[in-house]
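Engineer:
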Amino acid sequence: AQAPVKVSAETEDTSKYLTIKSPMIGTFYRSAGPDKASFVNVGDEVKAGQVVCIIEAMKLFNEIESEISGRIVKVLVENSSPVEYDQPLFLVEPA
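Heads up, the sequence shown is in the numbering used here, so the first residue is 9 and it goes up one at a time.
1) In terms of DSSP beta bridges, what is Val91 paired with?
2) Which residue's Cα is closest to the Cα of Ser74: Ser23, Lys29, Leu68, Thr22?
3) Pull up the distance between the alpha-carbon of Leu68 and that of Pro42, whole angstroms please.
4) Suppose you measure from the CA of Glu53 to the CA of Arg38; what does that come to, to the nearest Å?
5) In terms of residue numbering, what span does the beta strand (DSSP E) encompassing Gly78 cover?
6) Once the 5 residues before and after Gln58 are set aside, which same chain residues still bring their CB inside 7 Å of it?
7) Taking Cβ positions, are Val83 and Phe36 nearer each other than 7 Å?
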């Protein structure tokens with residue numbers, strides 16, 4: 009019998025996480041303004057329907073809502089950086 013393979017902390021299993029993806033092309037913002045707090049941070053619990061970020065597309069600021077409930081484990085995009093359609097924005101551990 010083979011010994012069980014130990015997974016190091018470096019190779020985190022992300023398959024159990026869900027992703028919140030960008031529904032559009034635009035610019036990703038973590039908060040409503042430069043002096044405002046981020047909508048969500050790593051470790052925060054989110055509920056379906058909760059705003060997690062804003063994506064600005066053609067001067068329209070679109071509030072992006074989570075479709076899932078869980079805990080934010082990783083923010084995958086830097087603030088005010090461009091995002092593509094369907095690009096993963098957040099990793100969420102399902103609640």
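Using N, Cα and C, we set each Cβ at its ideal position, and we do this for glycine too.
Structural biologist: On the basis of the coordinates in this document:
1) Stepping through the sequence shown from its first residue, residue 91 is reached at position 83. Partner(s): Gly34.
2) What you label residue 74 is simply residue 66 of the sequence shown in a count that begins at 1. For the residues Ser23, Lys29, Leu68, Thr22, the minimum Cα distance to Ser74 belongs to Lys29.
3) Residue mapping note: residue 68 aligns to position 60 of the sequence shown, counting from 1. Residue mapping note: residue 42 aligns to position 34 of the sequence shown, counting from 1. Distance between the alpha carbons of Leu68 and Pro42 is about 17 Å.
4) Translated into positions along the sequence shown, residue 53 becomes position 45. Translated into positions along the sequence shown, residue 38 becomes position 30. If you take the alpha carbons of Glu53 and Arg38, they lie about 15 Å apart.
5) As a position in the sequence shown, residue 78 is number 70, starting the count at 1. Gly78 -> beta strand (DSSP E) spans 78–83.
6) Locating residue 58 in the sequence shown gives position 50, counting from the first residue. Here the set comprises Glu73, Ser74.
7) On the sequence shown, residue 83 is found 75 positions in, with the first residue counted as 1. On the sequence shown, residue 36 is found 28 positions in, with the first residue counted as 1. Annotated as distal: Val83 and Phe36, with beta-carbon spacing of 7 Å or more.
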